[in-house]
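A short write-up of the structure that comes next.
Residue numbers (mature numbering (1 follows the signal peptide of the UniProt record, and there is no 0)): -25 to -1, 1 to 296.
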């Protein structure tokens, strides 16, 4: 009898430990309700101030969240500068000289730290900044789940392997998203973020000079600011969506159907492959795009977060404590 009671107690203890671990591993929208209720409005204010100064920043902050989550999960690793112990992600080819918005996250972090020190993670600020950015440029909103902690390392090689390239073909893109448990439809919805922002000449030069699945007038127009071989102009910018470059809407998909995708990785979404129907659907139904984009952003924010006692709450987002 005593033995049975002991086994029962052990079973209860194991169940409690499992439940506690499961609870700690879960993100929740009300994570800061009691520890720092001012966090969300403080962060929103900092993001809105930054985008008011430079509208393009909205696209940069959404992209920053994407590039964070695809490498090691949504852990703020993209914000870390190089150290003697690791090379950070900012110099990976997909990020080098193009990843932006870190100073905006720093400003939001400093504002929160002044009120609630050592409570709000940089990873959560990046996630909130993406949602706030979408709202500011007339895009959809969503409820951000919180409780991520910050990583103590970053990985340039992993960034190079996992982040999509502007020259990726459809099968490669689908495989990269699948590794993050995002399906083809979610990939197409998330790609709609390219309805805002700009790209450097170097990322689309090959498309406008060498590819045939492109509107000739569109290609000619883009060549004017992106010469075929002048390295001094490889950083010249062009809008990813020339129609409404400052509004998060469904014009991106309409552009693809007219063969006016700026990047190769944009146009492959509508080029005779399995995602053609998805692009056509979003081009006709903006409400469907908004709903699916918001849902996919929430799912992306769930990629391998650090929770509980894992990681740390960085005081400075660019450096470990």
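Note that CB positions come from ideal geometry on N, CA and C, so glycine has one too. Source: prediction; values computed, not measured.
Residues 165, 271, 274, 275 of the same chain have their beta carbon placed closer than 8 Å to that of residue 157, with the five preceding and five following residues left out of the count.
For residue 16, the three-state secondary structure derived from DSSP is helix.
The shortest CA-to-CA distance from residue 229 to any of 191, 167, 196, 287 is the one to 167. Within the region 31 to 83, complete alpha helix (DSSP H) segments of at least 4 residues are found at 32 to 44, given in chain order. Taking C-alpha positions only, residue 217 is separated from residue 100 by approximately 30 Å. The C-alpha of residue 115 is placed about 35 Å away from the C-alpha of residue 57.
Contact between the region 43 to 50 and the region 255 to 263 is absent: fewer than 3 CB-CB pairs across the two stretches fall below 8 Å. Residue 235 sits in coil when the DSSP states are folded into three classes, being neither helix nor strand.
For residue 143 against residue 240, the beta-carbon gap comes to about 5 Å, under 8 Å, which counts as contact.
Annotation for residue 261: the continuous alpha helix (DSSP H) segment containing it runs 261 to 275. Spanning the alpha carbons of residue 209 and residue 176 requires a straight line of approximately 5 Å.
The region 131 to 150 makes no contact with the region 71 to 87; the number of CB pairs closer than 8 Å stays below 3. Between the alpha carbons of residue 54 and residue 127 lies a distance of about 11 Å. Rounded to the nearest angstrom, the Cβ distance from residue 102 to residue 40 is 6 Å, consistent with a contact under 8 Å. Apart from the 5 residues on each side of it in sequence, residue 183 sits with its Cβ closer than 6 Å to the Cβ of 194, 197, 198 in its chain, given in chain order. Segment contact: the region 117 to 126 against the region 31 to 39, fewer than three CB-CB distances shorter than 8 Å; contact not assigned. Per the coordinates, the alpha-carbon of residue 5 lies some 14 Å from the alpha-carbon of residue 96.
The DSSP-derived three-state label of residue 294 is strand. Proximity to residue 30 across 223, 17, 89, 178 peaks at 223, based on C-alpha coordinates. As computed with DSSP, residue 124 is found in a beta bridge with 281. For residue 214, the uninterrupted beta strand (DSSP E) run begins and ends at 212 to 214, by DSSP.
Our two residues, residue 139 and residue 86, have alpha carbons roughly 33 Å apart in a direct line. Contact between residue 98 and residue 43 holds: CB atoms are separated by about 7 Å, below the 8 Å threshold. In the three-state scheme derived from DSSP, where H, G and I count as helix and E and B as strand, residue 174 is classed as strand. Just so you know, the alpha carbons of residue 24 and residue 61 end up roughly 33 Å apart.
Of all alpha-carbon atoms in 187, 294, 109, the one lying nearest the alpha-carbon of residue 221 is that of 109. In the DSSP annotation of this structure, the continuous segment of the alpha helix (DSSP H) that includes residue 103 starts and ends at 97 to 111. Around residue 3, the same chain offers 120, 121, 122 as residues with beta carbons nearer than 8 Å, after the five sequence neighbours per side are excluded.
Between residue 234 and residue 267, the C-beta gap is not smaller than 7 Å, which leaves the two residues out of contact.
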